[in-house]
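Residue numbers (the working numbering): 192 to 428.
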């Protein structure tokens, strides 16, 4: 069975204190929650429709896998990028997406490497190929990345420099957070920026933020209070 919904992410947010963007909460939150964002025992395939910068994107989810469904933080990340192109214009930038899932953020980028676990790659590859065909000057790369494993062998720092590392909801329900930190440290060199969106559900998210701050400088860029979603920027000091 399939279902289909749509969201146009265009529109701005109100400026909060200290330069933090606070979303027009009710409107954006309602739009996000209209999307399927958890595995389903009824539907095994869901289609989602989006519009970014006038480009239509259609996402296929495999709802029997946590990693192959569209989570709210990914939509928040894309919404933020769409409305902050002056500061985060990724045209001609080299970008890595960790735990890409459905690859929503990857579809609006030019030079991107979308990564996830082996069981997620088939659906991720389908989405990236479908939505970047005839739109990208570069050929997007979809590849396996198991956090903490074979990092230097597969992504040697001497030849792999990323301007941005993107991540959305990679902390939830995941037992390998130490390996995630090791992966971020390996991928981030001077000049690399991490843009990381996360929904706070349990204390594990707060603990991960504390551990992240021990290794990276960090600032809060965006806040969606009603869904407990925050977007951070991190960089190596």
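All C-beta atoms, glycine included, are put in the ideal place defined by N, C-alpha and C.
Output needed for residue i: all residues of its chain with C-beta closer than 6 Å, excluding positions within five of it in sequence on either side, in chain order.
| i | result |
| --- | --- |
| residue 409 | 423, 425 |
| residue 302 | 285, 329 |
Quick one: what's residue i bridged to in DSSP?
| i | result |
| --- | --- |
| residue 387 | 358, 423 |
| residue 411 | 423 |
| residue 307 | 335 |
| residue 302 | 285 |
Quick check: residue i and residue j, are their CB atoms within less than 8 Å of each other?
| i | j | result |
| --- | --- | --- |
| residue 348 | residue 320 | no |
| residue 375 | residue 268 | no |
| residue 281 | residue 355 | yes |
Can you name, in chain order, every residue of its own chain whose Cβ lies under 8 Å from the Cβ of residue i, other than the five neighbours on each side?
| i | result |
| --- | --- |
| residue 265 | 292, 293, 295, 296, 359, 360, 388 |
| residue 373 | 338, 339, 342 |
Excluding five sequence neighbours on each side, which residues of the same chain lie with their C-beta closer than 7 Å to the C-beta of residue i?
| i | result |
| --- | --- |
| residue 368 | 362, 399 |
| residue 309 | 335 |
| residue 312 | 333, 335 |
Using only the alpha-carbon positions, how far apart do residue i and residue j sit?
| i | j | result |
| --- | --- | --- |
| residue 345 | residue 334 | 10 Å |
| residue 317 | residue 274 | 27 Å |
| residue 418 | residue 392 | 9 Å |
| residue 290 | residue 250 | 16 Å |
| residue 300 | residue 395 | 30 Å |
| residue 411 | residue 404 | 12 Å |
| residue 442 | residue 397 | Residue 442 cannot be examined here, being either before or after the span of the chain that is shown, 192 to 428. |
| residue 252 | residue 277 | 31 Å |
| residue 402 | residue 377 | 16 Å |
With residue i as the anchor, note down where its alpha helix (DSSP H) starts and where it stops.
| i | result |
| --- | --- |
| residue 375 | 368-378 |
| residue 163 | As shown, the chain starts at 192 and ends at 428. That puts residue 163 outside it, with no answer to give. |
| residue 264 | 263-273 |
| residue 406 | 394-406 |
| residue 317 | 312-323 |
Can you give me the start and stop residues for the beta strand (DSSP E) that residue i sits inside?
| i | result |
| --- | --- |
| residue 285 | 285-289 |
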